[in-house]
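Numbering (this note's numbering), first residue to last: 2 to 331. Beta carbons are placed, not taken as given, at the ideal position from N, Cα and C, and that holds for glycine. Just so you know, these numbers come straight off a predicted model, no measurement behind them.
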Ligand code: AVI
């Protein structure tokens with residue numbers, strides 16, 4: 002239910018966010034007792050992890066952030082021409098820095114417009130939404146705090162007529178194929194005939210470019226990956242000696258994805274109090290912590306087709322590393 006309406010230009014919704022801690026415990030118990038140990042990537046993003054992700058976006062090797070920003074800057078007017086009449090609903094809005102390039106195009110039109118950021122971090126949402134209202138006179142914000150990943154249809158609660166649903170930053174790439182297809186299908190099911198879906202997605206390219214983007218020289222991505230072990234220690238009473246694990250990033254050509262793993266440098270047994278387990282590792286055994294799927298344009302088109310969405314416009318950065326795709330309902 003909507004809560005805490007603060008002024009005429011800001012409405013805040015808190016939608017049924019699950020108890021993260023119990024879910025974290027369940028996911029850690031399930032993931033670390035599987036044959037190939039794994040953890041869902043969403044647990045990277047505690048306060049420290051979010052900070053590290055912002056640092057990743059500034060790294061020389063991590064091109065996706067800059068490439069997408071390039072598209073927004075270069076084509077803001079064209080993108081605005083396609084979506085300007087629609088409220089912009091952004092899944093996983095984060096610090097909204099990149100989206101500002103689009104909001105600036107809305108503002109320059111000098112007509113009222115609505116931006117609906119949706120994020121799992123409420124502190125980030127509150128702070129950033131308030132700042133946006135100061136910076137954009139014609140803007141109304143409806144912000145939603147929720148874990149939207151499994152149920153994008155939650156954004157139906159926003160009071161908007163026509164909408165551009167947006168999922169930027171190649172975050173769809175962190176979903177499995179089934180999750181991506183379900184996300185697009187569920188999104189399509191709440192789209193009216195004039196609504197659009199905007200997808201920012203990273204394209205397939207040489208592993209010589211991909212791998213360093215996830216294994217940078219300064220070790221920021223390594224710290225981001227290892228941070229999930231610190232989080233297990235802090236929140237679940239884990240006893241990981243974080244130094245005894247190393248960051249691994251590899252390109253899985255067959256699956257078309259970067260995989261991140263944490264590899265145990267030695268055989269060890271790790272007690273985790275809150276899940277009442279001792280997790281054993283052999284030397285070299287890994288925890289698979291993230292997939293970052295890469296696509297071709299044809300694969301992006303096919304992804305849309307599975308959800309009855311037609312690919313109508315494409316924008317690329319100057320290196321053609323990244324794609325902003327606009328879909329319309331069939
Ligand atoms: C958020 N997501 C799209 C990033 C990616 O590129 O898959 C997360 C990330 N992992 C390591 N570096 C960045």
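- With fewer than 16 neighbouring CB atoms inside 10 Å of its own CB, residue 281 falls in the exposed class.
- Exposed is the label assigned to residue 268, since fewer than 16 other Cβ atoms lie within 10 Å of its Cβ.
- Residue burial annotation: residue 272 is exposed, with fewer than 16 other C-beta atoms found within 10 angstroms of its C-beta.
- For the pair residue 319 and residue 212, the Cα-to-Cα distance works out to about 20 Å.
- Distance from residue 275 to residue 169 at the Cβ level is roughly 35 Å; contact not present, criterion being Cβ atoms closer than 8 Å.
- Taken through DSSP and simplified to helix, strand or coil, residue 139 comes out as coil.
- Taking all protein chains in view, the Cβ of residue 190 is surrounded by fewer than 16 other Cβ atoms within 10 Å, so the residue is classified as exposed.
- Taking C-alpha positions only, residue 202 is separated from residue 210 by approximately 16 Å.
- Residue pairing of residue 253 in beta bridges, as defined by DSSP: 258.
- In this structure, 291 is the residue among 220, 313, 291 with its C-alpha nearest to the C-alpha of residue 177.
- Every unbroken stretch of the beta strand (DSSP E) spanning 3 or more residues and falling wholly within the region 196-242 is given here in chain order: 197-203.
- Measuring C-alpha to C-alpha distances from residue 311 to each of 295, 270, 108, 198 identifies 198 as the nearest.
- The alpha-carbon separation between residue 295 and residue 257 amounts to approximately 6 Å.
- About 11 Å separates the beta carbon of residue 63 from that of residue 218, a gap too long to meet the 8 Å contact definition.
- The region 125-135 and the region 154-161 do not touch, with fewer than three beta-carbon pairs separated by less than 8 Å.
- Distances between the C-beta of residue 259 and the heavy atoms of the ligand AVI include at least one below 8 Å.
- For the options 106, 10, 40, 31, the alpha carbon positioned closest to that of residue 226 is the one of 40.
- For residue 89, the enclosing beta strand (DSSP E) begins and ends at 88-92.
- Under the three-state reduction of DSSP, residue 96 is assigned to coil, being neither helix nor strand.
- Judged by DSSP in its simplified three-state form, residue 312 adopts strand.
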